[in-house]
Amino acid sequence: MILDAPHFGNICDAMSSNQTVIKAASREIVRGRASGTFLTFSIPLEHKNGHVFLLADIDSACKVAPQVISLLRETVERLGRSLSDKAHLQHRFEQTLQSVNEDLKDLINVKTCPPESLNMVIGVLKQDTFIISATGSLPALFLRRTAKQRFRVFDLQQNISTEAGQIKPEKLFHVVLDGDLAPDDVLLLASRDLHRLISVEDIHPLISTLPPGSALETIEQYLPTNAKLAMLLFQIRKEKEVITGFGPEVSSDASMKALTATEQTTEQMLDLEKPNVLQSFGKLAGALKSGDRLERRATIMRILRSSGKTIKTVGMFLLHAVSNAVVSAFSLFHALFTRGSKRERAIDDAKSAWSRTWKSGHKFQLTSLTGRMLLVSAVIFIVLFSGSIAYFNIGKNQQAAEAAFLSQLELIDDKRDQAAASIIYNDDAAARTLLNDASAILLALDADGKSERQAEIDQRQADIENQLSQIRKIISPEITTTPIINKLVSASSGTTLFFQDGKAGSFANNSINDIDVSGSSTPLKIATAYDNDAVGIDQDNNFVYFDTANSSISQIGINSAESEAEQSKDLVHYGERLYVLSGNQVYRHQRVEGGEYGPGAAWIQDDTDITAASSIAIDGTVWIASGSALRHFDGGREVGAQTTAIDPPLGSIKDIWTDTDAPILLMLDIGEKRVVAYNKETGDMVAQIISDEFGSAISIHADVGSKTAIVVSPTTVHSFSIQEIF
Numbered sequence: 017m018i019l020d021a022p023h024f025g026n027i028c029d030a031m032s033s034n035q036t037v038i039k040a041a042s043r044e045i046v047r048g049r050a051s052g053t054f055l056t057f058s059i060p061l062e063h064k065n066g067h068v069f070l071l072a073d074i075d076s077a078c079k080v081a082p083q084v085i086s087l088l089r090e091t092v093e094r095l096g097r098s099l100s101d102k103a104h105l106q107h108r109f110e111q112t113l114q115s116v117n118e119d120l121k122d123l124i125n126v127k128t129c130p131p132e133s134l135n136m137v138i139g140v141l142k143q144d145t146f147i148i149s150a151t152g153s154l155p156a157l158f159l160r161r162t163a164k165q166r167f168r169v170f171d172l173q174q175n176i177s178t179e180a181g182q183i184k185p186e187k188l189f190h191v192v193l194d195g196d197l198a199p200d201d202v203l204l205l206a207s208r209d210l211h212r213l214i215s216v217e218d219i220h221p222l223i224s225t226l227p228p229g230s231a232l233e234t235i236e237q238y239l240p241t242n243a244k245l246a247m248l249l250f251q252i253r254k255e256k257e258v259i260t261g262f263g264p265e266v267s268s269d270a271s272m273k274a275l276t277a278t279e280q281t282t283e284q285m286l287d288l289e290k291p292n293v294l295q296s297f298g299k300l301a302g303a304l305k306s307g308d309r310l311e312r313r314a315t316i317m318r319i320l321r322s323s324g325k326t327i328k329t330v331g332m333f334l335l336h337a338v339s340n341a342v343v344s345a346f347s348l349f350h351a352l353f354t355r356g357s358k359r360e361r362a363i364d365d366a367k368s369a370w371s372r373t374w375k376s377g378h379k380f381q382l383t384s385l386t387g388r389m390l391l392v393s394a395v396i397f398i399v400l401f402s403g404s405i406a407y408f409n410i411g412k413n414q415q416a417a418e419a420a421f422l423s424q425l426e427l428i429d430d431k432r433d434q435a436a437a438s439i440i441y442n443d444d445a446a447a448r449t450l451l452n453d454a455s456a457i458l459l460a461l462d463a464d465g466k467s468e469r470q471a472e473i474d475q476r477q478a479d480i481e482n483q484l485s486q487i488r489k490i491i492s493p494e495i496t497t498t499p500i501i502n503k504l505v506s507a508s509s510g511t512t513l514f515f516q517d518g519k520a521g522s523f524a525n526n527s528i529n530d531i532d533v534s535g536s537s538t539p540l541k542i543a544t545a546y547d548n549d550a551v552g553i554d555q556d557n558n559f560v561y562f563d564t565a566n567s568s569i570s571q572i573g574i575n576s577a578e579s580e581a582e583q584s585k586d587l588v589h590y591g592e593r594l595y596v597l598s599g600n601q602v603y604r605h606q607r608v609e610g611g612e613y614g615p616g617a618a619w620i621q622d623d624t625d626i627t628a629a630s631s632i633a634i635d636g637t638v639w640i641a642s643g644s645a646l647r648h649f650d651g652g653r654e655v656g657a658q659t660t661a662i663d664p665p666l667g668s669i670k671d672i673w674t675d676t677d678a679p680i681l682l683m684l685d686i687g688e689k690r691v692v693a694y695n696k697e698t699g700d701m702v703a704q705i706i707s708d709e710f711g712s713a714i715s716i717h718a719d720v721g722s723k724t725a726i727v728v729s730p731t732t733v734h735s736f737s738i739q740e741i742f
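Reading the sequence shown from the start, the letters are residues 17 to 742 in the numbering used here.
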């Protein structure tokens, strides 16, 4: 015994002596963009009342999901083939789990497929027994009817999780749950979002009363528009029994077989009473040769009456055959464009229509060879005629669909050509609009399961993305990432980093060296470079000076405005003046003898509101980042900054940088996870560098000499060359 196997008999009574039938249905619902992988798989046991099933919900963190799915599908199919009547169910099931655990152990690890990303359940329902094993957290609801005709709901997943404890990567399936099945039992397995999307109170009356397919279809109507859910439903139903004149109680199948045999015997006995075409013509020829007028007239009338009945019978049969053939063809055609329970119902309708046609023909049998040949010829003609019409219509529809697909591709290519022409004439706005229109048309195209069509769609999508990247001026310089070990950055002034523990460090040559700081140990919240040193404001709202040569921090004597330090958001040193962005104002302080600063003068001269500002940069004029906007001031008054050419528009600007000798201004846009290079003269975007790691950054600086940008986050420092855009 390699598995822990708690028995489930404590909540499952013994099955009654009545014969039961296990009914099953599955459904996968993915609305919107898929974020993982679903698989619902159930195969009936051949010549047995039972199913082998699997449901998997795999996170996108698992990079080998297709291999895992393929392994599980093969395992279920192999288990289904090997379960004979003489096989010991639990022993065979445990052998299967041992094999799949060994195979999964070679596939999963922390990098390729974390064990926590796998949520799977596998099991067997056979006659009056069920056995399942699971890993992860998939809902498994088991409903049992009580003596008071009410249903009690059990959460099998909770039983399995309690026994399993912590996930074991070497044995993902290491707990087995088994039990008995009784009439009216219901087992619902679903992906993880079931309880978030719909309550048990809403599910309970549906899965216990409606047939499996209808129950899942109704549940789907309850789900929101962006739902992603997979479900497997099993119902144990008592097969109704009848009392017939053929002996003791028998099942419905045995009763129908006996009734059909009796019906066939009766029809064979009455076969001689049916009209015989050759005999009728023989009697007609004999009567015509005879000279008895009365006999000739009576024979002709009798033959005409018999022929009339025959024609009427043949006509009714042909009418039934044609109508049933049309119904069957329509049902089969409908099945081609549906899936799941709707497809099954359409196929059942087609079978039923052909069954009615067969029974109708079986009741009408001509005794003569000629009559039978005529009947068979008529049926063949009807089938061929209907089939040719259906084939013609299908071919015509396929040609129309192919023509429409090619027409849409031509429209997309035409818009791409127009966009290329607009780029040549520097009309980026028009090019962007045309490419976005082409992309929208492309997304609406349906490959209809054809690999050639999908290849055409993928190729054009890649071409459009390349053109948009060209318009958006996306560049991809080599970004060097340097991690910060055991510390968090609170502020930086270029290459000097200030940590939340009050210490400091220097960044050079893609490495960080600790600085043994003397003086104040209160961490800085903002800082700016001053020559080789730094000026900042600590978390106690004191203005401080960092002396690089002595590695010391000391307080500065400064005549600050009321609440200036408390409301400060950024500061920058320009020449011998310190500019502080605080509240709704920019305060300018002149550096005086002794390293102190004079009183703060309000620099903004008009009524401009800058309360939402987050960063400031100076090149002789003042640039201010405010939310998703870049603002430009000169002489204390706003002169405006043009940013309409930036695509996509600015999201949330965290920090900005520029210099007197720099033609560009760099913006750290954490909303769009990028660095935007902005031409200060033309107002155009020069380039943008996109990286997910920029979303948590706190500051950006650049070195004019080496033309290198430095983006600092609390745990990393990113550096890259801006030579091509400087």
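Each residue gets a CB set at the ideal place from its N, CA and C atoms; glycine is no exception.
Bridge partners - residue i, DSSP secondary structure assignment
i, result
"Thr145", "Lys142 and Asp196"
"Trp639", "Ala633 and His648"
"Pro131", "The partner list for Pro131 (beta bridge, DSSP) is empty, contrary to what the question assumes."
"Ala40", "Phe250"
"Leu422", "Answer is none; Leu422 lacks a bridge partner."
"Pro60", "His67"
"Asn695", "Ile680"
"Glu654", "Phe649"
Beta carbon of residue i nearer than 7 Å to that of residue j
i, j, result
"Ser12", "Asp73", "The first residue shown for the chain is 17 and the last is 742, placing residue 12 beyond what the model contains."
"Gly643", "Ala628", "yes"
"Arg166", "Arg160", "no"
"Ile3", "Val602", "No answer is possible for residue 3: it lies beyond the span of the chain, which begins at 17 and ends at 742."
"Ile569", "Val533", "yes"
"Leu134", "Ala156", "no"
"Ser584", "Ile553", "yes"
"Thr68", "Val137", "Strictly speaking, residue 68 in this sequence is Val, with Thr absent from that position. Not closer than 7 Å, so no."
"Ser224", "Val202", "yes"
"Ile686", "Ser631", "no"
"Gly611", "Ala577", "no"
"Ala550", "Phe559", "no"
"Ser598", "Ala543", "no"
"Ala718", "Leu666", "no"
Where residue i falls, given that 16 or more other Cβ within 10 Å makes a residue buried
i, result
"Ala416", "exposed"
"Pro221", "exposed"
"Phe353", "exposed"
"Ile680", "buried"
"Ala420", "exposed"
"Gly263", "Note that Gly263 scores 41 on pLDDT, short of 50, meaning its location in the model is unreliable; the coordinates nonetheless yield the value given after this. The residue is exposed, with fewer than 16 neighbouring Cβ atoms inside 10 Å."
"Phe649", "buried"
"Gln237", "exposed"
"Asn566", "exposed"
"Pro664", "exposed"
"Lys254", "exposed"
"Met317", "exposed"
"Asn442", "exposed"
"Leu70", "buried"
"Ala50", "exposed"
"Lys466", "exposed"
"Ser527", "exposed"
"Arg321", "exposed"
"His211", "exposed"
"Ile259", "Caution applies to Ile259, whose pLDDT of 38 falls short of 50 and renders its modelled position unreliable; the value that the coordinates give is listed next. Classification for Ile259: exposed."
"Lys412", "exposed"
"Glu110", "buried"
Inter-residue CB distance, residue i and residue j (contact presumed, cutoff 8 Å)
i, j, result
"Ile428", "Arg476", "6 Å"
"Glu44", "Ala231", "No, Glu44 and Ala231 are not in contact; Cβ-Cβ is about 15 Å, not under 8 Å."
"Ala40", "Ser58", "5 Å"
"Leu204", "Leu249", "5 Å"
"Ser455", "Ala447", "Rounded, the Cβ-Cβ distance is 12 Å, inconsistent with contact."
"Lys79", "Thr128", "5 Å"
The stretch 177 to 197 touching the stretch 142 to 152, judged by at least three CB pairs closer than 8 Å: yes
Would you check if the stretch 654 to 662 and the stretch 606 to 614 touch, i.e. whether three or more CB-CB distances between them fall below 8 Å? no
Are the stretch 477 to 494 and the stretch 506 to 521 in contact at 8 Å, needing three or more beta carbon pairs? no
Decide yes or no for the touch test of the stretch 500 to 511 against the stretch 466 to 476: beta carbon pairs closer than 8 Å, at least 3 of them. no
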